[in-house]
Amino acid sequence: MTGPPPLHVVATAGHVDHGKSSLIVRLTGIDPDRWEEEKRRGLTIDLGFAWTTLPSGHEIGFVDVPGHERFVRNMLAGVGPVRLVLFVVAADEGWKPQSEEHLAIVDVLGAAAGVVALTKVDLVDDETLSARAGQVRQRLSGTALEGARIVPCSSVTGTGLEELRSALDELVTEAPPPVDEGRPRLHIDRSFTIRGAGTVVTGTLTGGTFAVGEEVEVYPSGFRARIRSLQTHRRPVDEARPISRVAVNLAGLAKESVKRGDLLGRPGQWRPAGTLEVRLAAVRGAAPVGARGAYKLHVGAAERDASLRLYDADEVAPGAPAFGRLHLNHPVTVAVGDRFVLRDTGRRVTVAGGRVLDTDPPRRPGPAPWARLARRVDAGDRLSSLLLEERGAVRGADLAPLTGAAPTTVDGGRRASSWWIAESLFDRLAAALTEALARHHDEHPLRPGMEAVEARRLLGRAAPELAGAIDDALGTAVLAALEADGTIARDGTVLRLPAHRISLGEREEEARKLVAIVRLGEPAPPDVRELIDAGFDLELIEAACTTGRLVRIDDDIVVTPDLVARAEETARREAAGPDGLTVSRFRELLGTTRKYALPLLTRLDQMGVTRRDGDVRRLGPGERRQQ
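Residues 23 to 649 (the working numbering) make up the sequence shown, in order.
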């Protein structure tokens, strides 16, 4: 293995006064109790932090959490982002109410592994110690900590501390290495100000690295700042790695702009959500959970008021998961797959927990939403494909916030500009457009094609499930993709099938008459309105222009190519003279009126034959070089 060993963070858990903080002091030499009130009362009120290096060389950080029932919300802020646990039970008191609740919490939060410290063994005899160990083993049965190593120890005498260090060493050695997913997030559990430095936030870093100097965003508020400096275990670092305890000094951010429960991440990589779809189950020993209760959602280091709507059950019982929707009083920043805890607000007990399945659910769940969510439970790497199946199309920038990944390819998906589109939907849209264009060409053979704006409306009608999105950016992306693969061709704002060419067909004779009438009237031919009054429809006039029989020089004026050629020759000759060419002189030379002379000169300016210089025209740059 190259480089330094990976960092790991372990959260403590257990009943109040069972010796968690004392044990951390003996293991690390650091007192995690930061507040004077904690010292005075002899119990942990808020989160404390300590760290040490184990015999193997692994560096391990501890989040010391309060055990008292009144401070469980603080406990949840510390345990939420952490997957390794040091569970503490006092041998003299044995299993207690907060032991059970803390176990329920680490269980539903998906603890990966843990070690149980059976503390205060200096206060009991061997028989009692053996009974307590058996009791703990029985309580752990069927939970995430089943099979965890139980280590009898004493913070007073030092008994068993080396064995505990060895068990912790084994715990972190066997833990999978932290994964750098390129989406770092710091679950903020403290924020404060240091004079001369500014705002500092601390938390557990997961999902990726932070580097000094990079820009970060505070979610859900959206405030941005720059990382001035980083510390891990009070050591300055240029780069903070997952999973570790990190202090981040933020430049350009007021302390009031950030609070516990916020998330620090890279700009644009996360999406706050006020509604979540979830799979949840009641915790062991809890009464069935119904939709009528008032709850607190705890996820990461965040806490939110929540109401619950169940999809496939009237209530949720232990061991019987159900699907539902949580409505929050304030947005929270989470990822699909994140674990959460629900506590009953009135009874102040943990009642349920589960996993987030959708951070941006549809406004209306639709029929059988549980079937849609059931497919997400084990989607894994297929979540991007599943999202496309559900939605039909997703902006590329939305994939990472909605699925946790930003793949270069998606099974069953096609990239169209900044969008991913389900292949089945793309094929449906392509078929609808090509059929419509073929029909348009048959019905209007004299027209060059269909306007792009009408084509986008047609796509919208072909995919009503996408509402208005396809009329705008998505519709433009689909048209660009169809043009790129040769399905359609574009001439300015007009779309056509590649093989389509304007065909006058049986109207060829009528077109010859139209051109003859225009030529007969030159150099002051009938304008378009007069031609229509003479019986020539606008479609035929436009077809004559498209096929080169006529030239449109203004919205209401068409002329023959011969008149354009004569005007060009005249303008080139006169503009080369020292006095240049005026509109009145040009009009006299052509024998026409200003109505026709000015549009002809404007066209010659656009062609580069002439250029305007005040009230006269002179040769364009290209024309002068040719001379």
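From the three backbone atoms N, C-alpha and C, an ideal C-beta is built for every residue, glycine too.
Would ARG161 pass as a contact of TRP117 if the rule is Cβ separation under 8 Å? yes
Quick check: what's the CA-CA separation for ALA565 versus ILE524? 7 Å
Helix or strand or just coil, what does DSSP make of GLY14? No answer is possible for residue 14: the residues shown for the chain start at 23 and end at 649.
How many angstroms separate the CA atom of GLY182 from the CA atom of THR141? Between GLY182 and THR141, the C-alpha separation is close to 9 Å.
Can you tell me whether ARG212 is helix, strand or coil according to DSSP? strand
In the DSSP assignment, what are the bridge partners of ILE524? DSSP lists no partner for ILE524.
Pairwise C-alpha distance: ARG105 and LEU298: 22 Å
Just curious, the beta strand (DSSP E) that PRO258 is in, first and last residue? 257-259
Please state whether the Cβ-Cβ distance between ARG639 and ARG633 is less than 8 Å. ARG633 sits close to ARG639, with the two beta carbons spaced by under 8 Å.
Exposed unless 16 or more other CB atoms sit within 10 angstroms - verdict on GLY1: The shown model of the chain, from 23 to 649, leaves out residue 1, and the question about it has no answer.
8 Å Cβ cutoff met for GLY283 and ALA324: Yes, the Cβ-Cβ distance between GLY283 and ALA324 is below 8 Å.
In angstroms with no decimal places, state the Cα-to-Cα distance between THR228 and ILE210. The straight-line gap from Cα to Cα measures roughly 11 Å.
C-alpha gap between THR456 and LEU553, whole angstroms: 34 Å
Quick one: give me the first and last residue of the alpha helix (DSSP H) that GLN628 is part of. 616-629
Does the distance from the C-beta atom of GLY341 to that of ALA393 stay below 8 Å? no
To which residues does DSSP link THR75 through a beta bridge? GLU81
Answer yes if the stretch 493-507 comes into contact with the stretch 586-596, meaning at least three C-beta pairs across the two stretches below 8 Å, and no otherwise. When Cβ pairs closer than 8 Å are counted between the two stretches, the stretch 586-596 is seen not to touch the stretch 493-507, the count staying below three.
Among GLU115, ASP549, ASP559, which residue has its Cα nearest to the Cα of VAL573? ASP549
What would DSSP say about THR604, mapped onto helix, strand or coil? strand
Below 8 Å, how does it come out for the stretch 242-254 and the stretch 273-292: are there three or more Cβ pairs, yes or no? yes
At the level of alpha carbons, what is the spacing between ASP327 and HIS320? 9 Å
What are the start and end residues of each continuous beta strand (DSSP E) run of 3 or more residues lying completely inside the stretch 205-250, in chain order? 207-216, 220-228, 237-241
Burial state of VAL223, where buried means 16 or more other Cβ atoms lie within 10 Å: buried
Identify whether ALA427 lies in helix, strand or coil by the three-state DSSP scheme. coil
Can you tell which of THR221, GLY434, LEU519, VAL201 has its C-alpha closest to the C-alpha of GLY230? Relative to the Cα of GLY230, the nearest Cα in the group THR221, GLY434, LEU519, VAL201 belongs to VAL201.
Beta-carbon within less than 6 Å of GLY136's beta-carbon, same chain only, minus the 5 sequence neighbours each way: which residues are those? VAL107, PHE109, LEU167, ALA170
Going by beta-carbon coordinates alone, are SER188 and SER44 separated by less than 8 Å? no
May I have the straight-line CA-CA distance separating LEU542 from PRO583, to the nearest angstrom? 13 Å
Simplified DSSP state of PHE448, which is helix, strand or coil: helix
Which residues bound the alpha helix (DSSP H) around LYS42? In the DSSP annotation of this structure, the continuous segment of the alpha helix (DSSP H) that includes LYS42 starts and ends at 42-50.
By alpha-carbon positions, which one of GLY375, SER213, SER329, ASP334 ends up nearest to ALA133? GLY375
Secondary structure at ALA474, three-state DSSP: helix, strand or coil? Helix, per DSSP.
When the distance is taken between beta carbons, is GLY225 closer than 8 Å to VAL259? no
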